[in-house]
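J.: The numbering used here applies: residue 20 is where the sequence shown begins, and numbers increase by one. In this text, a Cβ means the ideal position worked out from N, Cα and C, and glycines have one as well. Just so it is clear, the structure is predicted and the values come from calculations on it, not from any experiment. One structure, as structure tokens, below. Some questions next.
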Amino acid sequence: MESLVISKENFPELINTIIKSYRLFAPTEEKGFSGFNIIKDYLEMDLSYLNSRMPPKAILFNQTETLFLMEPGAKGSIKSKAISNEKSAIFAIRPCDAKGFRIIDPVFLGDVIDPLYKANRDNSVLIGLSCNQPDSSCFCTSFGDSPASGKYVDILFTDIEENYLVEVMTEKGKNFVNNFGRFFTPAPPKEIEAKNAKEKEAIKLIKRNLKVEGIEEKMDKMFNHPIWEEYAKKCIGCGTCTYLCPTCHCFDVVDESTLDKGARVRTWDACMFPEYTMHTSGHNPRPARMHRLRNRFYHKYSYFPKNSDVIACTGCGRCIRYCPVNIDIIELMNRVSEMEL
């Protein structure tokens, strides 16, 4: 790892120089919320944000995307979607959201490689921004992570008052920084110490903790526990928690057509919707909301750890902040963890 520094005075010029060579996604203000969008100028960027409402997973795993086009007729054809190799940079991604990509990588880059996701992943540089002021619903430390972690990004920026400390974490990050080397200087020890101090302060601000030790084994014994029905009575099945989660990755594939052309399209789906598990026969193995709510928590804290050796949650807190009926994942999972069976 290499530690560099850039002054805030030179930072706007850096961003505008990057824009000339990359599609630069950065947080912008969107009707009272923050979201990641392609920017054309430094002034469009909003670095005062806590976290975006929609996770930046939508940049690499598009919410809606065409897989291939179809032309009907006796000499009909199927035309695959051209895969873009356009270079992108995602700037100011929070460590918890960057971890989300690491969690879903095995889904799209495992035994069967998804060429669209792979192209997006390979051609994107993740530039993190340490979270100096975590939200009250953040709990990334529950998973051994930090609001200033560089483990899941290529480059990590940390605001240290007059400057940004820049930590180069990967070879991809090193190549990126080398392209803009004139903006950076080696970081003196005091700047590294300032970053470490900021990180310690940020960790202290995270007051909530989800108890994950032994949770997988506990859930193995709780499949039919009444707690799932208790929370299902409160849930309205809107799917907000899944759409705004940086690790949820369920999708549907549909064919769309007109008289002269058609397309196979992939769109995000959610296990909280009754249609998600509906069979062609009409049978639904998860007919009640309780079954669907239970599945969501089991997928994150039981099934995914068994298959990929990692809990499918990053502690970003979105599902707590935006749930319209105030279902709290920390409260629920801590009750599960503490139950006597």
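Considering only C-alpha positions, which residue in the set Tyr171, Asn197, Asn198 and Asn228 is nearest to Met188?
T.: Tyr171
J.: In the DSSP assignment, find the unbroken alpha helix (DSSP H) run with Asn198 in it and report its ends.
T.: Glu190 to Asn198
J.: Assuming Leu33 contacts Phe199 (C-beta within less than 8 Å), just tell me the rounded distance between them.
T.: Rounded, the Cβ-Cβ distance is 6 Å, consistent with contact.
J.: Hey, quick one: how far does the beta strand (DSSP E) through Leu88 stretch, first residue to last?
T.: Thr83 to Glu90
J.: I'd like the list of long-range same chain contacts for Tyr41, defined as Cβ closer than 7 Å, with 5 residues on each side in sequence excluded.
T.: Lys106, Ser107 and Ala108
J.: Could you check how far apart the C-beta atoms of Ser161 and Gly334 are, in whole angstroms? I think they sit under 8 Å.
T.: 5 Å
J.: Output the distance between the C-alpha atoms of Gly233 and Ser327, rounded to the nearest integer angstrom.
T.: 16 Å
J.: Helix, strand or coil for Val355 per DSSP?
T.: helix
J.: With distances taken from CA atoms, which of Asp65, Pro46, Arg315 and Phe270 is nearest Pro75?
T.: Pro46
J.: Does the Cβ-Cβ distance between Ala167 and Pro114 come in under 8 Å?
T.: With a cutoff of 8 Å on beta-carbon distance, Ala167 and Pro114 are scored as near each other.
J.: Can you give, in chain order, each stretch of the alpha helix (DSSP H) that sits fully within the region 33–112 and has at least 4 residues?
T.: 76–79
J.: Taking Cβ to Cβ, would you say Cys364 is nearer than 8 Å to Ala221?
T.: Nothing can be reported for residue 364, as the shown portion of the chain is limited to 20 through 360.
J.: What distance in whole Å lies between the Cβ atoms of Leu43 and Val196, which are believed to be in contact at a cut-off of 8 Å?
T.: Incorrect: roughly 15 Å between the Cβ atoms, too far for contact.
J.: Looking only at its chain, what residues have a beta carbon closer than 6 Å to the beta carbon of Thr261, apart from the 5 residues adjacent to it on each side?
T.: These residues qualify, in order along the chain: Cys267, Ala289 and Met291.
J.: Please find out if some non-hydrogen atom of the ligand NAP comes closer than 7 Å to the beta-carbon of Lys219.
T.: Among the components modelled here there is no ligand, and therefore nothing to report on the ligand NAP.
J.: Counting along the chain, where does the alpha helix (DSSP H) carrying Glu232 start and finish?
T.: From DSSP, Glu232 is part of no alpha helix (DSSP H); its letter is neither H nor E.
J.: Report, in whole angstroms, the separation of the C-beta atoms of Tyr320 and Met352, which I expect to be a contact under 8 Å.
T.: 7 Å
J.: Compare the Cα-Cα distances from Asp65 to each of Phe80, Arg121 and Pro31 and report the closest residue.
T.: It is Pro31.
J.: Give the range of the beta strand (DSSP E) segment to which Val284 is assigned.
T.: Gly281 to Trp287
J.: Measuring CA to CA, which of Arg308, Val272 and Ser276 is closest to Lys252?
T.: Ranking Arg308, Val272 and Ser276 by Cα distance to Lys252 puts Arg308 first.
J.: Rounded to whole angstroms, what's the CA-CA distance from Arg140 to Thr85? Just pull it up for me.
T.: Distance between the alpha carbons of Arg140 and Thr85 is about 17 Å.
J.: Would you call the region 202–218 and the region 178–186 in contact, with 3 or more CB pairs under 8 Å?
T.: yes
J.: Just confirm the distance between the C-beta atoms of Phe120 and Leu79, as a whole number of angstroms; I'd bet it's less than 8 Å.
T.: 7 Å
J.: Under three-state DSSP, which class holds Ser26?
T.: strand
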